[in-house]
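In this note's numbering, the protein residues as written are 137 to 419.
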């Protein structure tokens with residue numbers, strides 16, 4: 137179960153943060169209401185690039201993911217993922233971006249566990265939301281055909297999904313939309329962290345709690361990235377709630393009597409559950 141937790145976290149973070157690596161520009165609908173001149177935009181772009189690079193460099197490679205899957209004979213559990221039927225209910229730019237991240241994470245998990253039918257469902261979700269964002273070229277039938285052709289090569293499957301998100305990022309970048317990218321990344325992280333906490337709740341394990349605590353650094357880097365992305369007022373709750381989770385985790389880490397039990401991270405679980413509910417149940 138500990139390894140299963142790590143796979144969920146690593147898959148989610150690898151997918152979202154490799155995509156994050158190239159996030160550079162900002163879309164008008166997610167801008168602050170104030171006008172930002174080109175010089176300030178250039179400075180913000182450079183800051184987001186550097187921050188994204190810090191996050192990306194902290195990630196394990198695909199080989200570690202596949203080793204965890206292979207050695208531990210991990211089982212696929214659809215109950216921990218977002219419901220595909222909700223996809224039609226996300227209609228605003230903010231929630232489309234956030235849930236594209238959520239479903240992108242779910243797609244990567246389904247793909248690695250050879251869940252062909254589930255992969256089709258999540259790919260349709262990703263394609264639907266990406267179409268609404270104008271980046272559907274990155275998630276088309278040819279992408280799934282490549283995944284299907286490489287289904288026996290899990291490394292290639294992960295690479296195909298990651299490259300699709302890179303292409304998505306390039307499209308967003310060309311259209312001046314880094315806030316959209318940052319929100320997608322946030323959705324990916326929230327899904328992974330939420331899932332991890334549910335596992336910790338249902339399966340008491342010191343290893344699970346330790347794994348959750350270790351990912352605070354990545355959370356903090358995403359918070360910086362969001363802060364540099366000129367989010368508008370509607371999007372600000374994502375940054376605020378993730379900052380709250382970070383504060384809770386700081387208290388956990390600084391506790392001299394730290395115990396690696398679920399009760400230690402329960403406040404963080406409650407906070408991320410509230411945030412995920414806002415993201416996935418915004419209809």
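Just so it is clear, CB atoms sit at the ideal spot from N, CA and C, and this is done for glycine as well. Quick caveat: nothing in here was measured; it's all calculated off a predicted structure.
message = Between residue 318 and residue 365, how many whole angstroms is the CB-CB distance? I'm expecting something under 8 Å.
response = 4 Å
request  = With DSSP collapsed to three states, give me the class of residue 240.
outcome  = helix
request  = Go ahead and pull the three-state DSSP assignment for residue 220.
outcome  = Helix, per DSSP.
request  = Compute the beta-carbon to beta-carbon distance between residue 418 and residue 327, rounded to the nearest angstrom, for a pair I have assumed lies under 8 Å.
outcome  = In fact, because the Cβ distance is near 14 Å, the residues do not count as touching under 8 Å.
key: Short Cβ contact (8 Å threshold) for residue 415 with residue 231   = yes
query = Along the chain, where does the alpha helix (DSSP H) that runs through residue 405 open and close?
reply = 398-416
query = The alpha helix (DSSP H) with residue 370 in it runs from where to where?
reply = Premise fails: residue 370 is in no alpha helix (DSSP H) and is neither H nor E.
query = Among the residues of its own chain, which have a CB less than 8 Å from the CB of residue 371, if the five just before and after it don't count?
reply = 166, 230, 315, 319
Residue 274 - containing alpha helix (DSSP H), residue span = Here residue 274 belongs to no alpha helix (DSSP H), and DSSP marks it neither H nor E.
task = Write down every uninterrupted run of the alpha helix (DSSP H) in the region 273-359 whose length is 4 residues or greater and which is fully enclosed by it, in chain order.
result = 277-285, 290-310, 314-338, 342-350
key: Given residue 261 as reference, the closest of 330, 226, 289 once Cα atoms are compared   = 226
query = With a Cβ-Cβ cutoff of 8 Å, do residue 269 and residue 233 count as a contact?
reply = yes
message = If I follow the unbroken alpha helix (DSSP H) through residue 258, where does it start and stop?
response = 252-269
Assigned exposure category for residue 263 - 16 Cβ within 10 Å defines buried = buried
key: Contact under 8 Å by Cβ, residue 336 with residue 378   = no
key: Three-state secondary structure (DSSP) of residue 387   = Assignment of residue 387 by DSSP, reduced to helix, strand and coil, places it in the helix class.
message = Rounded to whole angstroms, what is the Cα-Cα separation between residue 275 and residue 243?
response = 11 Å
request  = Check each candidate in 375, 271, 299 and name the one with the smallest Cα separation from residue 312.
outcome  = 271
message = Would residue 359 and residue 382 be called neighbours here (beta carbons separated by less than 8 Å)?
response = At a Cβ-Cβ threshold of 8 Å, residue 359 and residue 382 count as neighbours.
ask   = residue 394 by DSSP, collapsed to three states: which one?
value = coil
key: the region 343-356 contacting the region 289-299, beta-carbon criterion three pairs below 8 Å   = no
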